[in-house]
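Visitor:
Number of protein chains: 2
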Amino acid sequence: MNNAKILREFPKGKHKHSACINDAMKTAEATCQERGIRLTAIRRRVLELVWASHEPVKAYDVLDTLRSERDSAAPPTVYRALEFLLDEGLVHKIESLNAYIGCGEPGHTDAGQFLICSDCGDVAELDDPELVKMIAEKASQIGFSIEQQLVEVTGFCAQCAPAS
Amino acid sequence: MNNAKILREFPKGKHKHSACINDAMKTAEATCQERGIRLTAIRRRVLELVWASHEPVKAYDVLDTLRSERDSAAPPTVYRALEFLLDEGLVHKIESLNAYIGCGEPGHTDAGQFLICSDCGDVAELDDPELVKMIAEKASQIGFSIEQQLVEVTGFCAQCAPAS
DNA sequence: AAGCGTAATGTTATAATATAACATCTTTTC
DNA sequence: GAAAAGATGTTATATTATAACATTACGCTT
Ligand SMILES: [Zn+2]
Ligand SMILES: [Zn+2]
Ligand SMILES: [Zn+2]
Ligand SMILES: [Zn+2]
Numbered sequence: 259m260n261n262a263k264i265l266r267e268f269p270k271g272k273h274k275h276s277a278c279i280n281d282a283m284k285t286a287e288a289t290c291q292e293r294g295i296r297l298t299a300i301r302r303r304v305l306e307l308v309w310a311s312h313e314p315v316k317a318y319d320v321l322d323t324l325r326s327e328r329d330s331a332a333p334p335t336v337y338r339a340l341e342f343l344l345d346e347g348l349v350h351k352i353e354s355l356n357a358y359i360g361c362g363e364p365g366h367t368d369a370g371q372f373l374i375c376s377d378c379g380d381v382a383e384l385d386d387p388e389l390v391k392m393i394a395e396k397a398s399q400i401g402f403s404i405e406q407q408l409v410e411v412t413g414f415c416a417q418c419a420p421a422s
Numbered sequence: 259m260n261n262a263k264i265l266r267e268f269p270k271g272k273h274k275h276s277a278c279i280n281d282a283m284k285t286a287e288a289t290c291q292e293r294g295i296r297l298t299a300i301r302r303r304v305l306e307l308v309w310a311s312h313e314p315v316k317a318y319d320v321l322d323t324l325r326s327e328r329d330s331a332a333p334p335t336v337y338r339a340l341e342f343l344l345d346e347g348l349v350h351k352i353e354s355l356n357a358y359i360g361c362g363e364p365g366h367t368d369a370g371q372f373l374i375c376s377d378c379g380d381v382a383e384l385d386d387p388e389l390v391k392m393i394a395e396k397a398s399q400i401g402f403s404i405e406q407q408l409v410e411v412t413g414f415c416a417q418c419a420p421a422s
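Protein chains in written order, with the numbering used here: chain L, 259 to 422; chain E, 259 to 422.
See the structure below:
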């Protein structure tokens, strides 16, 4: 069996998270450049804040920070930026948490699958074509044609797994 | 490959939906009886309202109806009933819609997988052990142990599929 | 049947998440 | 630099969900 492609890993022990953020911002810049769309100051900042950790971030937490930096920040400020970032695949929404997380590899075409650690709260993103395919096949067995897949799995990451 | 077990089908053409509701209510009665828990009038009525169609139902739509029948109905009335029904596996929450749908086969142990038709809005529920297993395996490849799975798929049911 | 403890519901208030609608400003295009 | 399109500002409100405490109903023992 193929291994799942890991779009976004769980962080391993201590890591320099500023590097994660830097990578993500560079990738976003390049992606927007390429597509001829504008990563404005607000959008860039919201993306940074979403990437603040490996945990999904709440819209109103982003707003709180933004408010401290910019008088005019209001809910639409954040939701519009998030909408842009979602549309461009730079962030994803974790539906089961009403929270947002940076995409580990913008541009991936298949749906991502999210692993959410109940203990540390961190999230990893996989892209497993085999799984995507199986879901599509199962659906088509009953005549259902898939447009979009949502897979969110809750449990324990390697670091938080109950000692065995 | 095994076929997915269908816990709740898409309705086929015209069907007598009162039969769906009756079945669901009988199953719920029996389930609660067996478990020694109380399907009170409010809980029963909320379950009926969730089963009102094959589409997921919003909490506040349930509330609107309940208000017309019972002066004391308020948000906690509905959310408490839903919490009970969710805990007992009599209904499921469709996270991507913030809406609730009756379980087609209360007592199933695996996570259900939901197929949501973008056109008619109806939802089917599958339980495919093979899929559940594959997700668990993919997760365990990166050291993640699963507690709960969420699979919600959007697309077109057989009836609504674009003519081919 | 009376009394007790638990479970369920009533009631009021508020938290958390998200969008509508319209005004203003900025950037791009011609 | 004027027009058009895109982005942001601003105010208000819609939608979804929970907290906290009071009251009532139920199930059990005596
Ligand atoms: Zn990191
Ligand atoms: Zn992604
Ligand atoms: Zn039916
Ligand atoms: Zn079910």
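Every residue gets a Cβ at the ideal spot worked out from N, C-alpha and C, and that includes glycine.
If the cut-off is 9 Å on Cβ atoms, which residues from the stretch 381 to 404 of chain E count as contacting chain L, listed in chain order?
Guide: A382, L384, D386, E388, L389, M392, I393, A394, E395, K396, A397, Q399, I400, G401, F402, S403, I404
Visitor: Please report how far the alpha carbon of L:I359 lies from the alpha carbon of L:L340, in whole angstroms.
Guide: Taking the straight line joining both Cα atoms gives about 10 Å.
Visitor: Quick check: E:H312 and E:D380, are their CB atoms within less than 9 Å of each other?
Guide: yes
Visitor: Pick from L:L324, L:D329, L:F414: whose alpha carbon is nearest that of L:C378?
Guide: Of L:L324, L:D329, L:F414, the smallest CA-CA separation from L:C378 is found for L:F414.
Visitor: For L:S326, would you say it is in contact with chain E, using Cβ-to-Cβ distances shorter than 9 Å as the test?
Guide: At a cut-off of 9 Å between beta-carbon atoms, L:S326 makes no contact with chain E.
Visitor: Does the Cβ of E:L265 lie closer than 8 Å to at least one heavy atom of ligand 4?
Guide: yes
Visitor: If you draw a straight line from the alpha carbon of L:I264 to that of E:A286, how long is it in whole angstroms?
Guide: 42 Å
Visitor: Take every Cβ of the stretch 330 to 347 of chain L, pair it with every Cβ of the stretch 282 to 296 of chain L, and state whether three or more of those distances are shorter than 8 Å.
Guide: yes
Visitor: Can you determine whether any heavy atom of ligand 3 sits closer than 8 Å to the C-beta of E:A286, and answer yes or no?
Guide: no
Visitor: Can the beta-carbon of L:V409 be found closer than 9 Å to that of L:Q371?
Guide: yes
Visitor: Would you say the beta carbon of E:H252 is closer than 8 Å to some non-hydrogen atom of ligand 4?
Guide: Residue 252 of chain E is absent from the model: chain E starts at 259 and stops at 422.
Visitor: Where does the unbroken alpha helix (DSSP H) through L:F342 begin, and where does it stop?
Guide: First-last of the alpha helix (DSSP H) with L:F342: 333 to 345.
Visitor: Using a Cβ-Cβ cut-off of less than 8 Å, list which residues of the stretch 332 to 354 of chain E approach chain L; keep chain order.
Guide: E353, S354
Visitor: Can L:A277 and L:L305 be called in contact, C-beta distance under 9 Å?
Guide: No. Outside cutoff.
Visitor: Taking 8 Å as the cut-off, does the CB of L:A416 come closer than this to any heavy atom belonging to ligand 3?
Guide: no
Visitor: Would L:L305 pass as an interface residue toward chain E - the criterion being a Cβ-Cβ separation below 9 Å?
Guide: no
Visitor: Please state if the CB of L:E327 and the CB of L:R266 are separated by a distance shorter than 9 Å.
Guide: no
Visitor: Nearer than 8 Å: is that true of the beta carbon of E:H350 relative to any heavy atom of ligand 2?
Guide: E:H350 Cβ: outside cutoff for every heavy atom of ligand 2.
Visitor: With the cut-off set at 9 Å, would you say L:I357 and L:K396 are in Cβ contact?
Guide: The displayed chain sequence assigns Ala, not Ile, to residue 357 of chain L. Going by C-beta atoms, L:A357 is not nearer than 9 Å to L:K396.
Visitor: For L:L357, name the three-state secondary structure that DSSP assigns.
Guide: One detail in the question is off: residue 357 of chain L reads as Ala in this sequence, not Leu. Looking at L:A357 - three-state DSSP - the assignment turns out to be strand.
Visitor: Please determine whether the Cβ atom of L:D385 lies at a distance below 8 Å from any heavy atom of ligand 2.
Guide: yes
Visitor: Using DSSP's beta-bridge definition, name the partner residues of L:Q371.
Guide: L:L384, L:V409
Visitor: At least one CB of chain E closer than 9 Å to the CB of L:A357: is that the case?
Guide: Not an interface residue.
Visitor: Quick check: the Cα distance between E:A419 and L:G365, rounded to an integer number of angstroms?
Guide: If you draw a straight line from the Cα of E:A419 to the Cα of L:G365, it comes to about 28 Å.
Visitor: When we look at the beta-carbon of L:H273 and count the other beta-carbons within 10 Å, is it buried (16 or more) or exposed?
Guide: exposed
Visitor: Leaving out five residues on either side along the sequence, give the residues of the same chain with a beta carbon under 7 Å from the beta carbon of E:V336.
Guide: Contacts found: V304, A317, V320, L321, L324.
Visitor: Sort E:S398, E:E383, E:I400 by Cα distance to E:A262 and report the nearest one.
Guide: E:E383
Visitor: Pick helix, strand or coil for L:H273, following the three-state DSSP scheme.
Guide: coil
Visitor: Could you tell me which chain L residues have their CB closer than 7 Å to the CB of E:T487, listed as they occur along the chain?
Guide: Residue numbering for chain E in the displayed model covers 259 to 422; residue 487 of chain E lies beyond these limits and cannot be assessed.
Visitor: By the 7 Å beta-carbon criterion, what residues does the stretch 268 to 280 of chain E contribute toward chain L?
Guide: none
Visitor: Taking 9 Å as the CB-CB cut-off, is E:C361 touching chain L?
Guide: no
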